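Student:
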Amino acid sequence: MAIKKRIAIVFDFDETLVQESTTAFIENLGINPELFWKETVEKLMQRGWDPVPAYLYCLIEFSNKSNTKITKQTLQNFAKYIVYKQGVLELFDNLRNELNDTNNLLEFYVVSSGIGEIIKNSEIAKNFKKIWASDFEYNTKAEIIFAKNVLSFTDKTRYIFQISKGMIDKSYDTKPYAVNEKIDKSEYRIPISQMIYIGDGMTDVPCFSLIKRFGGTTIAVYDAQNSNTFGKAWEFIKDERVNNLHSANYTKGSDLYNSLVMAIKEINNKDQI
-11 MAIKKRIAIV FDFDETLVQE STTAFIENLG INPELFWKET VEKLMQRGWD PVPAYLYCLI
49 EFSNKSNTKI TKQTLQNFAK YIVYKQGVLE LFDNLRNELN DTNNLLEFYV VSSGIGEIIK
109 NSEIAKNFKK IWASDFEYNT KAEIIFAKNV LSFTDKTRYI FQISKGMIDK SYDTKPYAVN
169 EKIDKSEYRI PISQMIYIGD GMTDVPCFSL IKRFGGTTIA VYDAQNSNTF GKAWEFIKDE
229 RVNNLHSANY TKGSDLYNSL VMAIKEINNK DQI
């Protein structure tokens, strides 16, 4: 079967494609991650902070007050320590080859609350048409000084619409309001019904809901080694947020891989709405 429709597969990053890279980065700095999340960040949340800007702010504060400055290079260098979920490194080529995607109609995207500089320097970054994530502003020494982009909860849905409307090239990075412009349905580059979203946590719920509502496919993943993550992911099934639930094993022939292939084939064969 050859792919004849443009299809977007949109991933969260941490605990979806990789082991928790943000926590691993924090630990790599010499910070106790449990204290960081449960005390430092939690204290800000108790004062009404959103969790994503809270953790970014705490990293900036750490960098400002310690001898260990967090720089753009620090973040880029950490990317080589990322631990990938099983089968991820081969996933993209496997899907393209199995589905005979000679025209590059399968497009992969990341929409993440994690740190963009780490994600964009990962081994798999080359596979993504676009990566949207939380980013820092840097001073003249390339040290982090402020949160430039913050992706949290419903913020993520903005990028689903950007993908759908075709607002994905670099020029749109400086046009934040363009996504709100009304365009004719016939001009949408990828209808949301031709999207598959894969995520693992509460920050993915708005994207799950949006894509499912417009007839796309949603898949929740969990860490098979952690029973707590299965319990959280099962809630997405109970609440009818997702179409499917699998452990985060992307190896060819796994349940998750097979579900992805079947979802792509179904979209490919479905009449245009």
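Mapping to this note's numbering: the sequence shown position 88 is 76, numbers consecutive.
Backbone N, C-alpha and C define an ideal beta-carbon position, used for all residues, glycine too.
Model, not experiment: these values are computed from the prediction.
1) On the DSSP letters alone, give me the boundaries of the alpha helix (DSSP H) that LYS118 sits inside.
2) Kindly confirm or deny that the segment 236 to 245 and the segment 78 to 90 touch, where touching means at least three C-beta pairs closer than 8 Å.
3) Alpha carbon to alpha carbon, what distance is there between LEU93 and SER174?
4) Suppose you measure from the CA of ALA130 to the CA of GLU105; what does that come to, to the nearest Å?
5) Can you tell me whether GLU3 is buried or exposed, with buried defined as 16 or more other CB within 10 angstroms of its CB?
6) Measuring CB to CB, does ILE263 end up less than 7 Å from ILE132?
7) Have a look at VAL40 and MET(-11) and give me their C-alpha separation to the nearest angstrom.
8) Using only the alpha-carbon positions, how far apart do GLU78 and ARG35 sit?
9) SER235 to GLU30, Cα distance in whole Å?
10) For ARG201, count neighbouring C-beta atoms within 10 Å of its own C-beta (all shown protein chains included) and say buried if the count is 16 or more, exposed if not.
11) Quick check on THR10: does DSSP put it in helix, strand or coil?
12) Let me know the secondary structure DSSP gives GLY241 once reduced to three states.
13) From this set, ARG146, LYS26, LYS117, GLY102, which residue's C-alpha is nearest ALA166's C-alpha?
14) May I have the straight-line CA-CA distance separating ILE(-5) from LYS73, to the nearest angstrom?
15) Using 8 Å as the cut-off, can you tell me whether the segment 9 to 18 makes contact with the segment 100 to 117, which would need three or more C-beta pairs spanning the two stretches below that distance?
16) Between SER90 and the rest of its own chain, which residues show a CB-CB distance below 6 Å, the 5 nearest in sequence each way excluded?
17) Please return the same chain residues whose Cβ sits closer than 8 Å to the Cβ of VAL163, not counting the five positions on each side in sequence.
18) Identify every residue that forms a DSSP beta bridge with VAL209.
19) Buried or exposed, going by whether 16 or more other CB atoms sit within 10 Å of the CB of THR128?
20) Suppose only complete runs of 4+ residues qualify. What are the alpha helix (DSSP H) ranges in the segment 62 to 110, listed by chain order?
21) Over what stretch of residues does the beta strand (DSSP E) that includes ASN137 continue unbroken?
22) Look at the alpha carbon of ASP172 and the alpha carbon of SER247, and state the distance between them as a whole number of angstroms.
23) Can you give me the C-alpha to C-alpha distance between ASN137 and VAL76, rounded to a whole angstrom?
24) With 16 other CB atoms within 10 Å as the buried threshold, where does ILE151 fall?
25) Within 10 Å of its beta-carbon, does ILE225 have 16 or more other beta-carbons around it, so buried, or fewer, so exposed?
26) Give the secondary structure of THR56 by DSSP, where H, G and I count as helix, E and B as strand, and everything else as coil.
Tutor: In short:
1) Residue numbering aside, residue 118 sits at position 130 when the sequence shown is read from its first letter. The continuous stretches of alpha helix (DSSP H) do not include LYS118, which lies in the beta strand (DSSP E) extending over residues 116 to 126.
2) Yes, the segment 236 to 245 is in contact with the segment 78 to 90.
3) By 1-based counting over the sequence shown, the position of residue 174 is 186. By 1-based counting over the sequence shown, the position of residue 93 is 105. For SER174 and LEU93, the distance between alpha carbons rounds to 18 Å.
4) For the purposes of this step, residue 130 is identified with residue 142 of the sequence shown, where counting begins at 1. For the purposes of this step, residue 105 is identified with residue 117 of the sequence shown, where counting begins at 1. Cα to Cα, the separation comes out at about 12 Å.
5) Here residue 3 is taken as the residue at index 15 of the sequence shown, counted from 1. Buried, since its Cβ has 16 or more Cβ neighbours within 10 Å.
6) Residue 263 cannot be examined here, being either before or after the span of the chain that is shown, -11 to 261.
7) Counted from its first residue, the sequence shown places residue 40 at position 52. Counted from its first residue, the sequence shown places residue -11 at position 1. So the alpha carbons of these two residues sit roughly 42 Å apart.
8) What you label residue 78 is simply residue 90 of the sequence shown in a count that begins at 1. What you label residue 35 is simply residue 47 of the sequence shown in a count that begins at 1. Cα-Cα distance, rounded: 43 Å.
9) Stepping through the sequence shown from its first residue, residue 235 is reached at position 247. Stepping through the sequence shown from its first residue, residue 30 is reached at position 42. About 28 Å.
10) The residue labelled residue 201 in the question sits at position 213 within the sequence shown. The residue is exposed, with fewer than 16 neighbouring Cβ atoms inside 10 Å.
11) By one-based count along the sequence shown, residue 10 stands at place 22. Helix.
12) Position 253 of the sequence shown holds residue 241. Collapsing the DSSP output to three states places GLY241 in coil.
13) For the purposes of this step, residue 166 is identified with residue 178 of the sequence shown, where counting begins at 1. It is ARG146 whose Cα lies nearest to the Cα of ALA166.
14) Along the sequence shown, one-based indexing puts residue -5 at 7. Along the sequence shown, one-based indexing puts residue 73 at 85. So the alpha carbons of these two residues sit roughly 23 Å apart.
15) Yes: the two stretches touch, three or more of their Cβ pairs being nearer than 8 Å.
16) In the sequence shown, the residue the question calls residue 90 occupies position 102. Before going on, a small fix: residue 90 reads as Thr here, not Ser. Same-chain partners within the cutoff: there are none.
17) The sequence position of residue 163 within the sequence shown is 175, counting from 1. With the sequence shown as reference, residue 163 is identified as Lys, and Val is not the correct amino acid for it. Taking LYS163 as the centre and dropping the five residues before and after it, the same chain places the C-beta of MET155 closer than 8 Å to its C-beta, in chain order.
18) Walking along the sequence shown from the start, residue 209 turns up at place 221. In DSSP, VAL209 forms a bridge with HIS234.
19) Here residue 128 refers to the residue found at position 140 of the sequence shown. Flag for THR128 reads exposed.
20) If we require 4 residues or more, the alpha helix (DSSP H) runs fully inside the segment 62 to 110 come out as 76 to 86, 104 to 107.
21) One-based indexing of the sequence shown puts residue 137 at position 149. Residues 132 to 137.
22) Here residue 172 corresponds to residue number 184 of the sequence shown, with the count starting at 1. Here residue 247 corresponds to residue number 259 of the sequence shown, with the count starting at 1. So the alpha carbons of these two residues sit roughly 32 Å apart.
23) Translated into positions along the sequence shown, residue 137 becomes position 149. Translated into positions along the sequence shown, residue 76 becomes position 88. The C-alpha of ASN137 lies about 26 Å from the C-alpha of VAL76.
24) Taking the first residue of the sequence shown as position 1, residue 151 is located at position 163. Answer is buried; the Cβ neighbour count reaches 16.
25) On the sequence shown, position 237 is the one that residue 225 refers to. ILE225 counts as exposed, since fewer than 16 other C-beta atoms from the protein chains shown sit within 10 angstroms of its C-beta.
26) Within the sequence shown, the letter at position 68 stands for residue 56. The answer is coil: DSSP assigns THR56 none of H, G, I, E or B.
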